[in-house]
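Protein chains in written order, with our numbering: chain C, 1 to 756; chain G, 1 to 225; chain U, 1 to 359.
The C-beta atom is built at its ideal place from N, Cα and C for all residues, glycine as well.
Just so it is clear, the structure is predicted and the values come from calculations on it, not from any experiment.
Notes for the one structure printed next.
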Amino acid sequence: MARLPVDELRIIEGFGPHLSRMSGLRLSTSAEPERLVKTHCCFCGQQCGIQLKVRDNQVIGFEPWEEFPFNRGMLCPKGVKRYLQAAHPDRLTTALRRDPAAPHGFSPLGYEDAVAAVAGRIEQIQRTHGNQAVAVLGGASLTTEKTYLLGKFARVCLKTPYIDYNGRLCMVSAGAANKKAFGIDRTTNPWSDMVGTDVIWVAGSNVAECSPITTNYLWQAREQGARIIVQDPRITPAARTCDLYLPVKPGRDAALFAGVLQGMIEHDWLDRAFIEGFTSGFDQVAEYCRQWTPQRTAQVTGVPERSIRLAAEWWGTAKTSFLFHARGIEHHSNGVQNALGTINLVLASGRIGKPKSGYGTIVGQGNGQGGREHGQKADQLPGWRDISNPEHRKYIAGVWGIDEKDLPGPGVDAYELFRKVDAGEIKALLSICFNPKVSLPDSTFITRCLEKLEFYAAIDFFLNDTARHADVVLPGSLQEEDEGTVTQVECRVIKINKAVECPGDARQDWRIVQDIAGALGRPHGFTFNGPREIFDELRIASKGGVADYSGVTYEKIERQMGVFWPCYSEDPETGQPIDHPGTPRLFERGSYNPVARGNGPFYFPDGKARFNVAEYRPPVDDADEEYPIYLTTGRVVSQFLSGTQTRRIGPLVDQYPEPRVELHPRLADTLGIEDGAWTTVETRRGAITVRAMVVTTIRPDTVFIPYHWPGQKSPNRLTVAAQDPISKIPQYKVCGCRVRRADGPPEYAALLESQQ
Amino acid sequence: MAKPDHLHFFIDPSRCIGCQACVHACTECDTHRGHSMIHLEYIERVESVQTVPVVCMHCEQPTCAEVCPADAIKRSGDGVVQSASTPRCIACGNCVVACPFGVPELYDDRQIMMKCDMCYDRTSVGKKPMCATVCPSQALFFGTREQIEQLRPMSAPVNEFRFGNQTISTRVLTMVPRGVASRQPLVDVTAAMDDRPARRAVMLRVLPEAPVPSDAYDPYENVPL
Amino acid sequence: MPTVGREHVRASAWGLIAAALLAVLIVVGSRNLQHFDAALVGYTFATLFAAFGITYRYAIWLQRPPTRLYWRRGWQVFATTRFIRNIIELLRRVLLEFALNRFIFRRGRARGLAHWLIMWGCIIAAAITFPLVWGWIHFRTVPGEIDVYRTYVFGFPVQDFHVESFTAFVVFHGLVWASFLVIAGVMLAFRRRMIDHGAVTLQQFGEDLLPLILLFAISVTGLLLTASYTWMRGYAYDFLAILHAATVIVTLLYLPFGKFFHLFQRPAQLGVGFYKESGTRGEQQPCVRCHRPYAPALMVRDLITVERELGFSYELAATPAAHYQHVCPRCRRALYGLAQGALWRDRVATAPTARGSDT
């Protein structure tokens, strides 16, 4: 039973999070770096280029990498201080086993013994309960090589269908919508296409805090004359100075898009020729939109009617445009519909597949894009192939040298996977790069599930909040301790380079996975000597898939500073070997793709994009009389995801030490809450108490809490586990809550440091 | 070694998103490692997310240097006003109270004033200062006049500031709307004395036909509770 | 520029007075040059010049409006409020900050150590050399006791000691000890100036390296002199003596101009300490914008006076009583942002004034 071995406070005392700060070589003004390693930031999907200064096998600082075209030296605070995560006092340098007798709940274990223990338990549980009793959870901060290996490991070595990843909490709504509308799941244009457009629509993205580098693209576009529309329940920094702010009520995005499209239809601000020639399904969408008059849209969305009309006019009459969206509209039980709503606006305008006109989804996690393309997603095989498609299965089984019949079918999403743990179907879990105890909604349920596991092994570099439940912890690698590729927000495949060696017993994650396969006596297919070899197999596995990486090589990445996929090794049209440069912009008129085979630019057999009726449905667990206020969650700029890394970096913690609940003074007044007061936010799942931050920059009917903290500080104790029926993304961005002034400080205030 | 003459520091506070990348990056510089010399503050967080990044403006006739009793603040030949000279500074704090932009800071324990020296370890060898290199919004920009002109057709740099009756010229340039710059190339700082940050600040459009959006001041006015 | 002229005339006068005073003291102290060593005349003239130069520069410095004001204020505060307590506090600070260099150690341990070694080496060397050069101290054997020395200060006998005593060894090798301290300190300082990127960036040869080179040269040539007469039977002694004299004289001539001038400026830190302390006890200036106190009212008043003297006019025209100095530094930064932002927000950007009516 994967219960916490000892009181959590004692685990925290031993394993952190503690803070690292500039000291020693990192503070010295006389230490010369031995070398500069060109690589990328490990946080967020922008994957900014950065050079790490290395000396004595330690990352001692950074130097901006101004030649890298995406960010040209720019970095957010996380990028600037990311180097402080290495050589950290909390770094796991040995394997650990759960030991209730040890002062901090874990005692060190030799690496070989640890691997043997993991393999032994997996073997035993599979023998007793079947292969399906073991599940694997991966993460979207891993390199693409690792995600590929992990998918292969689950299906070939463990023979279990149950693998999923934390991209489930990030990109799946966008991905599903893209698949439905375009037949390919990718941002369509490089970010540089934003500069020079007439209008940019930012739908549900706090660019300034979640993808800071994109801000410069926005402002550059504005300097060149673009008007900027921002849709958000909060006046974010981008919303403060945008040209049109749409203060949408949480969870009403699909209605807003329908209303705007209706406005465009009414005034015939449409690209009829494009709709006719390159799309299908417009009529049904138009039919659906008819009910979304400006009045009704305003009523449902909370956006003033005049602003809806103006948005329709600006969007409808622009010559060039760029629309991008992020979790703000995707983290909903209606997330796919919301994303489809934006795509309908884009398709109706015909402004896609051209320079200065495009559509994009802002990737949140480090390898949110590459991490979902090559096989750690429950329903996918490498190359964005479909695990239910017989042809795809056959091809991948061939690459992996197994019988197609032995390849498991689709698994379930990460949340459902925990429900299966709860139901007793899954008995053992191997996780890497995922901290579900903090990041999944209704996290009290997740904790309960963890406690039900018969065996839990975690691979990680720090003992994260979830790994505290583990029976065995294997010390994995930090991003700077390994090489490999990731695919960033523009779908540029880039190269992470190794800066330092793993400390102590820690191993590169791919080695650990292979060692487990070896210890299980199933080493076949898990004998790679390095990421390059894995990547070479991945290229073959992705060949002919929509996400075709076959023409990408490490050398080409370095030469071109990244390669946009699809990048073919053989011309899809002629079958001849080519030196393909990659595809920065999709859907250009006259372009050839292997799905449409010349019938059109989109990735369907007829080459046409699909309009999909993007239906508005009210959120699950919406605000009501009992829970009258909307709770929404999100990020702050100095923290990343569940904070396993960023809550250990001193300067980042100083910047925003603890979660606070943002609320409008009007709401605060009625509740008698002043700025800084301890405030309890309660939903049907639970309650947490945090300090109030009274600001006029949020809708008065909405409160916001950032989600990077665990335990009693975690708003995911409040969020609802409602999921989108298609993408299975959880509805993090809205649920009903009630708010009151707390009687006093919460228990944790006296016990825990701010980052813990 | 000196900062190359053709490279300039340009600030556009209206671009700032308050992310503090500059503050963190500043601590990486060798002339003040471990300490940030840049000020980045919310003007009034309750009202607005507006933030303002302030680096040393490197005045042509620096008030801080003039009022320094120890004669410890020097301007190098390239126009960079350096931090107080360590042997001289007597930590009186006059510069802190005198600077019209509120830049210098006193480190009482070490009895020294330190301030932004435009990352002299970097600019003096032709590199960009840390803050302007990393700034994700490029509110802080370092480059040539040609570059800024090409990148920012709506803006123009000015380097004159009015504080009451006093006009101060600086080496660091501030971006203002092009039209403003051609009519009156200065920023009247004290004219903002009674201003409060607006929740929403609709940016000036170059296109004359663009309507002024009506959501400017309180977009939540009609949100019922 | 008549005013500049007046400043210089005044400063020159002070310089001459100081040099003359020193000359008189030399004559008196050496009993009409009776105990004056003619071989050291070069040194003597260098010190006279240094006395002139330092006083001249100090006087020029004191005539800068801010320096004058704070110099005066420092003494005022020191002498008029809580005098006894001030004396004790002064002693404490002299010990901590000056004798122990606490504030420099806080800038860096090696840096503090380097400075402390150099400082004490120089103090010891100066304490030995100057009185000897000026003939204020001399030693003579006690009549009848060939191996006992008697120390004379200003011609008065002070102390006797045996020629082979430990005291004699320590006293006669005082300069050796001093040079050890200086050399160690200079090495540490040089190390920093070679490898510390920040120091390398900002240092200037004349200002930062030359003083170290001079100190090093003085110490090494001095040590060579000792080595020459102790172990090498005076080999090349004359040459070394001239070389040593040259290094010392150059340093003395350099004193008023370069980095070493901080020796004379630095004590102002003590005065400023009292000024600040008394300011903290007194009335605080509230910011006219945010109403939070940000500095002693006395300091702000003095600053306004100094700024006016310097020709700045930060008066706010609209409200003549108000001065921009009455805005706290934080609000000044906010105003910069607000003023720039207002230009962008301006709805009537085509109107002739820069700022709109909606602000």
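- Task: With 7 Å as the C-beta to C-beta threshold (strictly closer), list the residues of the region 24 to 39 of chain C near chain U in chain order.
- Result: Contact residues of the region 24 to 39 of chain C toward chain U are 29, 30 (C-beta to C-beta distance below 7 Å).
- Contact set for residue 349/U: own chain, Cβ-Cβ below 6 Å, skip 5 residues either direction: On the third sequence, position 349 is the one that residue 349/U refers to. A caution first: residue 349/U carries a pLDDT of 39, below 50, which makes its placement in the model too unreliable to give a value.
- For residue 236/U, which of 168/U, 180/U, 221/U has the nearest alpha-carbon? The residue you call residue 236/U lines up with position 236 of the third sequence. Taking only the C-alpha atoms, the option nearest residue 236/U is 221/U.
- Message: Taking a contact to mean a Cβ-Cβ separation below 8 Å, would you say residue 2/C touches residue 658/C in this structure?
- Response: On the first sequence, residue 2/C is found 2 positions in, with the first residue counted as 1. On the first sequence, residue 658/C is found 658 positions in, with the first residue counted as 1. The answer is no: Cβ separation not under 8 Å.
- Since residue 160/U sits in a beta bridge, which residues does DSSP pair it with? Reading the third sequence from its first residue, position 160 is the one you call residue 160/U. Its beta-bridge partners are 150/U.
- Can you pull the chain U residues whose beta carbon is under 7 Å from the beta carbon of residue 39/G, in chain order? Position 39 of the second sequence, counted from the start, is the residue given in the question as residue 39/G. One finds 333 in chain U with Cβ atoms closer than 7 Å to the Cβ of residue 39/G, taken in chain order.
- Check the DSSP bridge columns for residue 83/C and list the partner residues they point to. Within the first sequence, the letter at position 83 stands for residue 83/C. Answer is none; residue 83/C lacks a bridge partner.
- Item | Within chain C, the residues that residue 60/U reaches when beta carbons sit closer than 9 Å | The residue labelled residue 60/U in the question sits at position 60 within the third sequence. By Cβ distance, chain C contributes nothing, its closest Cβ being about 35 Å from residue 60/U, past 9 Å.
- Leaving out the 5 sequence neighbours to the left and right, which residues in its chain are closer than 6 Å to residue 285/C when beta-carbon positions are compared? Within the first sequence, the letter at position 285 stands for residue 285/C. Closer than 6 Å at Cβ, skipping near neighbours: 344, 611, 613.
- Task: Would you list, in chain order, the members of the region 180 to 203 of chain U that have their beta-carbon closer than 7 Å to a beta-carbon of chain C?
- Result: Listed by position along the chain: 195, 196, 197, 198.
- Query: DSSP on residue 152/C, reduced to helix/strand/coil?
  - Reply: Working through the first sequence from its first residue, we reach residue 152/C at position 152. Reduced to three states, the DSSP call for residue 152/C is helix.
- Thinking just about the alpha-carbon of each residue, which of 198/C, 413/C, 5/C, 79/C is nearest to the one in residue 162/C? Position 162 of the first sequence holds residue 162/C. Comparing Cα-Cα distances from residue 162/C to each of 198/C, 413/C, 5/C, 79/C, the minimum goes to 413/C.
- Message: Let's test the definition: count the other Cβ atoms within 10 Å of the Cβ of residue 20/G and tell me whether it reaches 16, buried, or not, exposed.
- Response: By one-based count along the second sequence, residue 20/G stands at place 20. With 16 or more other Cβ atoms within 10 Å, it is buried.
- Item | Amino acids of chain G, ordered along the chain, whose beta-carbon sits closer than 9 Å to that of residue 212/C | Taking the first residue of the first sequence as 1, we reach residue 212/C at position 212. What residue 212/C touches in chain G: 17, 19, 21, 136, 137.
- Item | Near-chain G residues of the region 74 to 89 of chain C (beta-carbon distance less than 8 Å), N- to C-terminal order | Taking 8 Å as the Cβ-Cβ cut-off against chain G, the residues of the region 74 to 89 of chain C that qualify are 74, 75, 76, 77, 79, 80, 81.
- Query: Do you know whose CA, among 400/C, 375/C, 399/C, lies nearest residue 388/C's CA?
  - Reply: In the first sequence, counting from the first residue as 1, residue 388/C sits at position 388. With distances taken between Cα atoms, residue 388/C lies closest to 375/C.
- Any chain C beta carbon closer than 8 Å to residue 192/G: The residue given as residue 192/G occupies position 192 in the second sequence. Cβ-Cβ to chain C under 8 Å: no for residue 192/G.
- Query: Alpha carbon to alpha carbon, what distance is there between residue 241/U and residue 228/U?
  - Reply: Mapped onto the third sequence, residue 228/U falls at position 228. Mapped onto the third sequence, residue 241/U falls at position 241. Answer to the nearest angstrom: the Cα atoms are 10 Å apart.
- Query: Quick one: Cα of residue 505/C to Cα of residue 517/C, how far?
  - Reply: Here residue 505/C refers to the residue found at position 505 when the first sequence is read from its first residue. Here residue 517/C refers to the residue found at position 517 when the first sequence is read from its first residue. Just so you know, the alpha carbons of residue 505/C and residue 517/C end up roughly 18 Å apart.
- Query: Given 8 Å as the limit, is there contact between the region 56 to 68 of chain U and the region 69 to 88 of chain G, that is, 3 or more CB pairs closer than that?
  - Reply: Yes: at least three Cβ pairs fall under 8 Å.
- Message: Quick check: residue 733/C and residue 251/C, are their CB atoms within less than 8 Å of each other?
- Response: Translated into positions along the first sequence, residue 733/C becomes position 733. Translated into positions along the first sequence, residue 251/C becomes position 251. Closer than 8 Å, so yes.
- Item | Simplified DSSP state of residue 736/C, which is helix, strand or coil | Within the first sequence, the letter at position 736 stands for residue 736/C. Residue state, collapsed to three classes: strand.
- Query: Can you round the beta-carbon distance between residue 136/G and residue 215/C to whole angstroms, since I take them to be within the 8 Å contact cut?
  - Reply: Taking the second sequence and counting its residues from 1, one reaches residue 136/G at position 136. Taking the first sequence and counting its residues from 1, one reaches residue 215/C at position 215. About 5 Å separates the two Cβ atoms, so the contact holds.
- On a CA-only basis, which of 251/U, 262/U, 275/U, 274/U is nearest residue 46/U? Give me that one, please. Here the question's residue 46/U lines up with position 46 in the third sequence. Among 251/U, 262/U, 275/U, 274/U, the Cα nearest to that of residue 46/U belongs to 251/U.
- Query: At what residue ranges does the region 36 to 100 of chain U contain a whole run of the beta strand (DSSP E), taking only runs of 3 or more?
  - Reply: With a minimum length of 3 residues, no continuous beta strand (DSSP E) run stays inside the region 36 to 100 of chain U.
- Query: With 16 other CB atoms within 10 Å as the buried threshold, where does residue 191/U fall?
  - Reply: What you label residue 191/U is simply residue 191 of the third sequence in a count that begins at 1. Sixteen is the threshold: since fewer than 16 other Cβ atoms of the shown chains lie within 10 Å of the Cβ of residue 191/U, the residue is exposed.
- Residues from the region 81 to 94 of chain U in contact with chain G, defined by Cβ distance under 9 Å: Those residues of the region 81 to 94 of chain U that come within reach of chain G (Cβ to Cβ, closer than 9 Å) do not exist; the list is empty.
- Query: Whose CA, out of 257/U, 311/U, 162/U, 25/U, lies closest to the CA of residue 54/U?
  - Reply: Taking the third sequence and counting its residues from 1, one reaches residue 54/U at position 54. Here the closest residue by C-alpha is 257/U.
- Query: Where are the alpha helix (DSSP H) runs, 4 residues long or more, that stay fully inside the region 120 to 193 of chain G, in chain order?
  - Reply: DSSP runs (the alpha helix (DSSP H)) wholly in the region 120 to 193 of chain G: 120 to 123, 130 to 134, 145 to 151, 178 to 183.
- Given a cut-off of 8 Å, decide if residue 550/C and residue 569/C are closer than it, judged by their beta-carbon atoms. The residue you call residue 569/C lines up with position 569 of the first sequence. The residue you call residue 550/C lines up with position 550 of the first sequence. Cβ atoms of residue 569/C and residue 550/C: closer than 8 Å.
- With 16 other Cβ atoms within 10 Å as the buried cut-off, status of residue 219/G: For the purposes of this step, residue 219/G is taken as the residue at position 219 of the second sequence. So residue 219/G ends up on the buried side.
- Task: Report the residues of the region 686 to 698 of chain C with a CB closer than 9 Å to any CB of chain G, ordered along the chain.
- Result: Residues 693, 694, 695, 696, 697, 698.
- To which residues of the same chain is residue 27/U closer than 7 Å at the C-beta, ignoring the five residues directly before and after it? Counted from its first residue, the third sequence places residue 27/U at position 27. Counting only residues of its own chain and dropping the five nearest sequence neighbours on each side, residue 27/U has a CB closer than 7 Å to the CB of 33.
- Item | Proximity winner among 12/C, 682/C, 497/C, 752/C, relative to residue 42/C (alpha-carbon distances) | The residue given as residue 42/C occupies position 42 in the first sequence. Checking every option, the nearest Cα to that of residue 42/C belongs to 497/C.
- Task: Could you spell out where the alpha helix (DSSP H) holding residue 439/C opens and where it closes?
- Result: The residue labelled residue 439/C in the question sits at position 439 within the first sequence. Start and end: 436 to 439.
- Message: Taking 8 Å as the cut-off, does the region 293 to 300 of chain U touch the region 85 to 97 of chain G (at least 3 CB pairs, one atom from each stretch)?
- Response: Counting C-beta pairs closer than 8 Å gives three or more between the region 85 to 97 of chain G and the region 293 to 300 of chain U, which meets the contact rule.
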